[in-house]
Amino acid sequence: ETGVTQSPTHLIKTRGQQVTLRCSSQSGHNTVSWYQQALGQGPQFIFQYYREEENGRGNFPPRFSGLQFPNYSSELNVNALELDDSALYLCASSPKDRAGADTQYFGPGTRLTVL
Amino acid sequence: AQKVTQAQTEISVVEKEDVTLDCVYETRDTTYYLFWYKQPPSGELVFLIRRNSFDEQNEISGRYSWNFQKSTSSFNFTITASQVVDSAVYFCALIDGSSNTGKLIFGQGTTLQVKP
């Protein structure tokens with residue numbers, strides 16, 4: 001059974017640029033959630049995708065957007081990068097058999113640095 | 116509003132000592148789910164346990180045990196006979212049962228250092 005994978009591992013961008021992060025869900029999982037983890041902090045929920053639609057969103061501006069594909073993989077796009085966007089971005093997948101309570105399994109994360 | 120508090124920022128113990136990581140949560144829902152995750156230096160969050168609000172039985176898994184007390188809104192995690200490999204950041208997290216978004220609310224984390 002393949003776990004959650006994310007690419008790339010590390011990324012360096014400059015302020016104002018755009019970035020796309022990718023996530024493949026664990027086998028059998030149909031839901032993907034994205035989190036941002038700043039240094040020394042707990043992860044913060046960005047949004048969740050289920051059946052290719054955004055299923056919920058945290059307190060992040062619209063320049064954070066996402067996609068989910070028919071194979072349940074997902075992308076996180078961030079436009080107009082700001083220095084504060086520097087963080088570890090974690091993807092988690094879960095088998096959504098009922099609302100909200102599924103255990104989320106995390107990938108290794110993408111470390112984004114914005115200069 | 117939901118909130119998870121892990122008051123211990125860092126804990127340092129010597130190998131073979133027992134250590135307890137504290138977690139206090141706030142929620143208005145009567146149905147909710149609590150989790151513990153481990154984050155080693157590699158960065159990946161590793162799932163340890165999930166507990167629903169209707170199951171107050173304590174759980175033991177090898178050297179790990181969890182104490183859930185609704186009366187004090189706490190879900191503490193104990194590692195018995197700690198080992199160097201237990202060194203990591205540990206996060207407690209909460210999802211409300213009324214949530215349909217899968218939004219995990221995390222605490223700030225407790226960094227555990229186990230010295231040989």
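If you read the protein sequences in the order shown, they are chains A and B.
Using my numbering, read the first sequence as starting at 1 and increasing by one per residue.
Using my numbering, read the second sequence as starting at 116 and increasing by one per residue.
Where is the CB? At the ideal position from N, CA and C, for every residue including glycine.
For K218 of chain B, the three-state DSSP class (helix, strand or coil):
coil
So the candidates are A:G56, A:A87, A:Q17, A:Q44; which of them puts its Cα closest to the Cα of T31 of chain A?
A:G56
So which residues of chain A does F206 of chain B contact, with C-beta pairs closer than 8 Å?
G42, P43
Restricting to Cα atoms, I'd like to know which of A:T2, A:L83, A:E53 is closest to S74 of chain A.
In this structure, A:E53 is the residue among A:T2, A:L83, A:E53 with its C-alpha nearest to the C-alpha of S74 of chain A.
Using the beta-carbon of each residue, which ones in chain A are nearer than 7 Å to S73 of chain B?
The displayed coordinates of chain B run from 116 to 231. Any statement about residue 73 of chain B would go beyond what the structure contains.
Kindly list, in the order they appear in chain B, the residues whose Cβ is closer than 7 Å to that of Q17 of chain A.
Residues of chain B passing the Cβ test: none, with the nearest at roughly 23 Å.
Could you run through the segment 168–197 of chain B and flag, in chain order, every residue whose CB is less than 7 Å away from some CB of chain A?
none
Taking the Cβ atom as the reference point for each residue, do R311 of chain B and F183 of chain B lie within a distance shorter than 8 Å?
Nothing can be reported for residue 311 of chain B, as the shown portion of chain B is limited to 116 through 231.
Kindly indicate which three-state DSSP category T187 of chain B falls into: helix, strand or coil?
helix
Rounded distance between the beta-carbons of N77 of chain A and Q17 of chain A, thought under 8 Å:
Actually they do not touch by this definition, with Cβ atoms about 12 Å apart.
Between A:T20, A:T9, A:Q26, which lies nearest to N71 of chain A when the distance is taken from Cα to Cα?
A:Q26
Quick check: the Cα distance between Q172 of chain B and G3 of chain A, rounded to an integer number of angstroms?
30 Å
CB L90 of chain A to CB Y50 of chain A, shorter than 8 Å?
no
Note down, in chain order, all residues in the segment 212–228 of chain B with a beta-carbon under 7 Å from any beta-carbon belonging to chain A.
G212, S214, N215, T216, G217, K218, L219, F221, G222, Q223, G224
Does DSSP put L209 of chain B in a helix, a strand or coil?
strand
In chain B, which residues lie with their C-beta within 8 Å of the C-beta of N55 of chain A?
N215, T216, G217
What's the C-alpha gap between S221 of chain B and G107 of chain A?
In the sequence on display, residue 221 of chain B carries Phe and not Ser. Spanning the two alpha carbons is a distance of roughly 16 Å.
Hey, does A99 of chain A have any beta-carbon neighbour from chain B nearer than 8 Å?
Note that A99 of chain A scores 49 on pLDDT, short of 50, meaning its location in the model is unreliable; the coordinates nonetheless yield the value given after this. Yes - at least one Cβ of chain B is within 8 Å of the one on A99 of chain A.
Run of the beta strand (DSSP E) containing K13 of chain A, from where it starts to where it stops
10–13
Enumerate, from N- to C-terminal direction, the unbroken beta strand (DSSP E) stretches of 3 or more residues contained entirely within the segment 65–113 of chain A.
74–78, 87–94
Can you name the residues that DSSP bridges to A196 of chain B?
The partner list for A196 of chain B (beta bridge, DSSP) is empty, contrary to what the question assumes.
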